[in-house]
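Undergrad: Quick one: structure below, then a few questions.
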């Protein structure tokens, strides 16, 4: 019990320390608070025996609270004018993983008897997320061993890619993709002025986020009898955007900043779940298949984005939505310092949840021997 309380204090307190360090030292600012939080979480998870159930609960709760907070200040009418590139980019990401998965299943068919099943599952997980991969795995009757190994491979590869996205990804893609331009002709450095706010505004913002989450959870629970991730995130996103049309909500100081802080808490918590020793044991033919699809699909997405002249931030956030789902859109947007792309990323992630099962099963059954 004492260990869990101490872990909770670290989750809540380290983000403040990371922000303080970023404001004081250039090196810490370059690394960014969210990357520091993620790395500290990994260190804690691998050096100490942590309560993984507690870490999972905290990480999920932080995302569910952060999403509406990040959306309350959104100007939806302005976003609609930049939505088209995001949908094109996400479509290219989905097309990339479908194409690569099919080719990989054909090329590596002699290495595993379930390549056609794995192809469908990789399409599902890299257009929607883990729920889609699970659903497709059940539908095609994949073996438990293959399913576990695919999950392990996905965790390893996704962890490496997340570090890339949060650190050097923007600089790397910026070498061959144009910079993000907002609808008024400015670039990504044109950050809005942050209004001053205090604990009362933070409390009001949190209370409103809890209300949104509670309403959505109640509706989903009443309809389905459980709380599946996809409809809950969809509902919170929808209600958060709806609230942004209320002028008093949209102008409430501190909503976005509070959401950012919760994402730092999320980063510490999720980091503690990355057990390096266990992940290293997942290497196998299954890992090779998933790695080939993962790397090739991302590179093909980047290449197609270059052909379509899509901007760096839009490609990064839609790639995040495709690989990780909506939950990681906020952290990556915060890491690259562009709050205007959050709605695009969330929209792409929710779309991925919707189409992931269809796309994955279509690929799997087309490849079935």
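Numbering (our numbering), first residue to last: 12 to 380. Where is the CB? At the ideal position from N, CA and C, for every residue including glycine.
#1: What are the boundary residues of the alpha helix (DSSP H) that includes residue 84?
#2: Count the other CB atoms, across all protein chains shown, that sit within 10 Å of the CB of residue 180; report buried if there are 16 or more and exposed otherwise.
#3: Would the segment 156 to 175 count as touching the segment 299 to 315 if we require 3 or more Cβ pairs under 8 Å?
#4: Comparing alpha-carbon positions, which option in 274, 279 and 311 lies nearest residue 345?
#5: Determine the burial state of residue 49: buried for a count of at least 16 other Cβ atoms within 10 Å of its Cβ, exposed for fewer.
#6: Rounded C-beta distance between residue 6 and residue 350? I'm assuming under 8 Å.
#7: Below 8 Å between beta carbons: does that hold for residue 270 and residue 33?
#8: Taking the straight line between their C-alpha atoms, what separation do you get for residue 320 and residue 84?
#9: Looking at chain B, is there any beta carbon in it that lies within less than 8 Å of the beta carbon of residue 347?
#10: Is residue 121 buried or exposed, if buried means 16 or more other CB atoms sit within 10 Å of its CB?
#11: Beta carbon of residue 140, beta carbon of residue 341: below 8 Å?
#12: Can the beta-carbon of residue 280 be found less than 8 Å from the beta-carbon of residue 66?
#13: Do the CB positions of residue 96 and residue 248 come within less than 8 Å of each other?
#14: Under a three-way DSSP split, which group does residue 69 fall into?
#15: In or out: residue 224 buried (at least 16 other Cβ within 10 Å) or exposed?
#16: Report buried or exposed for residue 322, applying the criterion of at least 16 other Cβ atoms within 10 angstroms of its Cβ.
#17: Any idea if residue 380 is buried or exposed, counting beta-carbon neighbours within 10 angstroms, 16 or more meaning buried?
#18: In chain order, what residues of the same chain lie with their CB nearer than 8 Å to the CB of residue 285, ignoring the 5 residues before and after it?
#19: Assuming residue 245 contacts residue 238 (C-beta within less than 8 Å), just tell me the rounded distance between them.
#20: Residues in the same chain with beta-carbon distance under 7 Å from residue 375, minus the five sequence neighbours each way, listed in chain order, please.
#21: Taking 7 Å as the limit between beta carbons, can you name the residues of its chain near residue 63, skipping five residues before and five after?
#22: Using the Cα positions of residue 203 and residue 368, report the straight-line distance between them to the nearest angstrom.
#23: Below 8 Å on the Cβ atoms is my guess for residue 332 versus residue 359; work out the distance and round it to an integer in Å.
#24: Is it true that the CB of residue 110 sits closer than 8 Å to the CB of residue 311?
#25: Alpha helix (DSSP H) containing residue 37: first to last residue?
#26: Decide if residue 135 is buried, meaning its Cβ has at least 16 other Cβ atoms within 10 Å, or exposed.
#27: Please state whether the Cβ-Cβ distance between residue 366 and residue 138 is less than 8 Å.
#28: Taking 7 Å as the cut-off, is the C-beta of residue 181 nearer than that to any heavy atom in the ligand PLP?
#29: Please check the pair residue 188 and residue 316, which I expect to be a contact at CB under 8 Å, by giving their CB distance rounded to whole angstroms.
#30: Unbroken alpha helix (DSSP H) runs of length 4 or more, entirely within the segment 236 to 296: which are they?
TA: Answer, in terms of the structure:
#1: Counting along the chain, residue 84 falls outside any alpha helix (DSSP H), and DSSP gives it neither H nor E.
#2: buried
#3: yes
#4: 274
#5: buried
#6: No answer is possible for residue 6: the residues shown for the chain start at 12 and end at 380.
#7: no
#8: 29 Å
#9: The chain inventory of the structure shown lacks chain B, comprising one protein chain alone.
#10: exposed
#11: no
#12: yes
#13: no
#14: helix
#15: buried
#16: buried
#17: exposed
#18: 52, 53, 56, 57, 166 and 170
#19: The pair is not a contact, with the Cβ atoms about 12 Å apart (cut-off 8 Å).
#20: 127, 128, 130, 131, 147 and 151
#21: 284
#22: Below a pLDDT of 50, predicted positions are generally treated as unreliable, and residue 203, at 41, falls in that range; no measurement from the model is reported.
#23: 4 Å
#24: yes
#25: 37 to 42
#26: buried
#27: yes
#28: Although the ligand PLP was asked about, the structure shown includes no ligands whatsoever.
#29: 6 Å
#30: 240 to 255, 258 to 261, 266 to 282 and 287 to 291
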